[in-house]
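Asker: Residues 850 to 1168 in the working numbering are what the sequence shown spells out, letter by letter.
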Amino acid sequence: MKRILMMLLAAAIVGVGVTPTDVEAATKKKAVAAKKKAPRAAKPHRVKHVVRARSAHRIASLDDAQHLALQSSAALVLDQTTGAVLFEKNPNAVLPIASITKLMTAMVVLDAKPDLTETLAINEDDVDLLKGTRSRLKVGTHLAREEMLRLALMSSENRAAAALSRNYPGGREAFIAAMNQKAQALGLADTRFQDPTGLTAANVSSPRDLAKMVDAAHQYPLIREFSTTSEGEFSIAGRTQQFRNTNTLVKNPTWEIGLSKTGYINEAGKCLVMQAWLNNKPTIIVLLDSWGKMTRIGDANRIKRWVESASLAQRQVAG
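1. With a threshold of 6 Å on Cβ separation, who are the neighbours of Leu1121 within its own chain once the five nearest residues in sequence on each side are excluded?
2. Can you name the start and end residues of the beta strand (DSSP E) that Glu1080 belongs to?
3. Tell me the DSSP bridge mates of Val926?
4. Please check the pair Asn1007 and Ser984, which I expect to be a contact at CB under 8 Å, by giving their CB distance rounded to whole angstroms.
5. Quick one: grab the DSSP three-state call for Thr805.
6. Apart from the five residues on each side of it in sequence, which residues of its chain come closer than 6 Å, Cβ to Cβ, to Leu1059?
7. Considering only the alpha carbon of each residue, which of Thr1132, Asn1096 and Arg1151 lies closest to Thr931?
8. Rounded C-beta distance between Thr1049 and Leu979? I'm assuming under 8 Å.
9. Tell me where the beta strand (DSSP E) around Lys1110 begins and ends.
10. Does the count of Cβ pairs from the stretch 1087–1100 and the stretch 1027–1039 closer than 8 Å reach three?
11. Below 6 Å CB to CB, which residues in the same chain sit around Ile949 once its five sequence neighbours on both sides are set aside?
12. By the three-class DSSP mapping on this structure, what secondary structure does Phe1092 have?
13. Measuring CA to CA, which of Ser1004, Asp1044 and Asn1052 is closest to Ala1038?
14. State the CB to CB distance for the pair Ile1106 and Ala955, rounded to an integer number of angstroms; the pair is presumed to be in contact (CB under 8 Å).
15. Distance, Cα to Cα, Phe1092 vs Arg1021?
16. In three-state DSSP terms, what is Trp1155?
17. If Leu952 sits next to Arg1151, beta carbons under 8 Å apart, how far is it from one beta carbon to the other, in whole angstroms?
18. So, at 8 Å on beta carbons, what are the nonlocal neighbours of Val943 in its own chain, with the 5 sequence-adjacent residues on each side left out?
19. Using 8 Å for Cβ pairs, my map puts Leu998 next to Val1063. What's the rounded Cβ distance?
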């Protein structure tokens, strides 16, 4: 506008006539020139979609483990149907497995085909003298073998696992021998057991072995049922008591979990193994030696999002 006013002033001085049409044309010319100088506006929707798809594809890359940022020091995620490894982190590390042990305990109990309705009693031999852990199953508690098995798998009750092993044919020593024989039969080269609870750090395995163990345990309907039960009531010493699953994910509606077991002792850190359906595929997840209040749960959720983003990226690329 300043330039136009100067033109009018100059025209007045030299006596040249300027019409309204001339002023309109000059204004339009100025607007066109300004538009050419301005940067082109981006196409936000299309660009945003492409960036999201590429980002999801990159995060889902099996060759780039950094984006998962798991807190567990050793981990393995595999397709249960094909055995294809989706993710691994120190998969051959041999580490204490704490109460993950109880999956093997349950398999050995069930392999003996015992009477599940038989009543077992907790006695002094079932009390933890190694770590001094507490239990709501007081000495003298009587429960059916099936209830002991449910508590061992659902709530990781150490005294229940100890009682199950003590009531095995040949006693606890024969039971532990059977645990190691079962490990050998399953091809678990890195796995050793010295007790049925996992309270000792001498019970060790690797993520690769544990994936095989989870797959084997998943073949037992009772292990699937008991390990994924979110909570239950038990009559103990004439009182009804409520017990809950040690894995909070079993009651999370966004998860479909077919088998679960947690574990923790100082030497093992926090551990978690699961069979779960991710993107409608049976998937085995092994997480060992994680620290922090919710790190193993956080790692499991990170894996779930990672696998789902991989599927999303593949669909976007295919589409």
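Even glycine gets a Cβ: it sits at the ideal position worked out from N, Cα and C.
Answerer: Result, derived from the coordinates:
1. Hits under 6 Å: Thr1111, Leu1136 and Arg1145.
2. Unbroken beta strand (DSSP E) run through Glu1080: Glu1080 to Ile1085.
3. The partner list for Val926 (beta bridge, DSSP) reads Phe936 and Ile1134.
4. That pair is a contact at about 6 Å.
5. There is simply no residue 805 to check, as the chain begins at 850 and stops at 1168 in what is shown.
6. For Leu1059, the CB contacts under 6 Å within the same chain, skipping 5 residues up- and downstream, are Val1122 and Val1135 in chain order.
7. Relative to the Cα of Thr931, the nearest Cα in the group Thr1132, Asn1096 and Arg1151 belongs to Thr1132.
8. Yes, Thr1049 and Leu979 are in contact; Cβ-Cβ is about 6 Å, under 8 Å.
9. That run of the beta strand (DSSP E) goes Ile1106 to Ile1114.
10. Segments in contact, no.
11. Shown here for Ile949: same chain residues with a beta carbon closer than 6 Å to its own, the five before and five after excluded, namely Lys1110, Gly1112, Cys1120 and Val1122 in chain order.
12. In the structure shown, Phe1092 sits in a strand (DSSP, three-state: E or B).
13. Ranking Ser1004, Asp1044 and Asn1052 by Cα distance to Ala1038 puts Asn1052 first.
14. About 16 Å; that fails the 8 Å criterion.
15. One C-alpha to the other measures close to 26 Å.
16. In this structure, DSSP gives Trp1155 a helical state, which the three-state scheme calls helix.
17. Approximately 23 Å separates the beta-carbon atoms of Leu952 and Arg1151; this is outside 8 Å, ruling out the contact.
18. Hits under 8 Å: Asp1039, Val1053, Ser1054 and Ser1055.
19. Contact between Leu998 and Val1063 does not hold, since their C-beta atoms are separated by about 17 Å, which reaches or exceeds 8 Å.
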